[in-house]
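Scroll down for the structure; my scribbles are underneath it.
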Ligand SMILES: [Zn+2]
């Protein structure tokens, strides 16, 4: 996921976001100003409020529409999708990028993607993106570059590709290794009580909390 392109795949495909907020931000600012100048009980206040709400609705609709369509495209193409884990990225903390990131709303998109992939029998695997943009996807050396440098140009092996494609290949590699390792490590048998299987233990636990049905669905 990037600011230049919404999504870049390891196959070298770019998907660009419509950035609806950017498109309407001028109009929205004007309306918000108008709204703030209206009197509390005036008729104009209600009109301005409705117009503001309509703009916000349009933005949400464009985002959602684009998001679902992109999910469909990706899921039709790939069974397992490796994606960077945004929680550990910490980019939103950077104030210059915060606005842009909020507009492209990656976290909303990754939620959509996980949901759609699962219902189609596939899966989305989140990968720690540490060093994925700096590391060379061909030789593994670290090639330092600022956000402004768009091309990964490796002085060690000569690889020259788009920085986002390079990062995507790294994410795929890390994700695949992680998945292989989790296959090799057998699931721990957590039954500690005599003669009770983990499944039985779970159902016992569920029985104990039937009074709170909300929790039950997520156990
Ligand atoms: Zn290299």
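In my numbering, the protein residues as written are 41 to 259.
Glycine included, C-beta positions come from ideal geometry on N, C-alpha and C.
Contact annotation: residue 122 and residue 224 have beta-carbon atoms that are not nearer than 8 angstroms.
Per DSSP, reduced to three states, the secondary structure at residue 59 is coil, with no helix or strand assignment. Contact annotation: residue 103 and residue 169 have beta-carbon atoms that are not nearer than 8 angstroms. Linking residue 156 to residue 78 through their CA atoms gives a straight-line distance of about 44 angstroms. Annotation for residue 181 indicates a beta carbon within 7 angstroms of some heavy atom of ligand 1. Here residue 48 really is in contact with residue 208; their C-beta atoms are around 5 angstroms apart, less than 8 angstroms.
With fewer than three CB-CB distances shorter than 8 angstroms, the segment 64 to 72 does not count as touching the segment 213 to 220. Distance from residue 192 to residue 203 at the Cβ level is roughly 5 angstroms; contact confirmed, criterion being Cβ atoms closer than 8 angstroms. One thing to note: residue 147 has its Cβ no nearer than 8 angstroms to the Cβ of residue 114. For residue 176, the distance from the CB to the nearest heavy atom of ligand 1 is below 7 angstroms.
Residue 200 sits in a strand when the DSSP states are folded into three classes. Every alpha helix (DSSP H) stretch that sits fully inside the segment 154 to 224 and reaches 4 residues is listed by chain position as 203 to 224.
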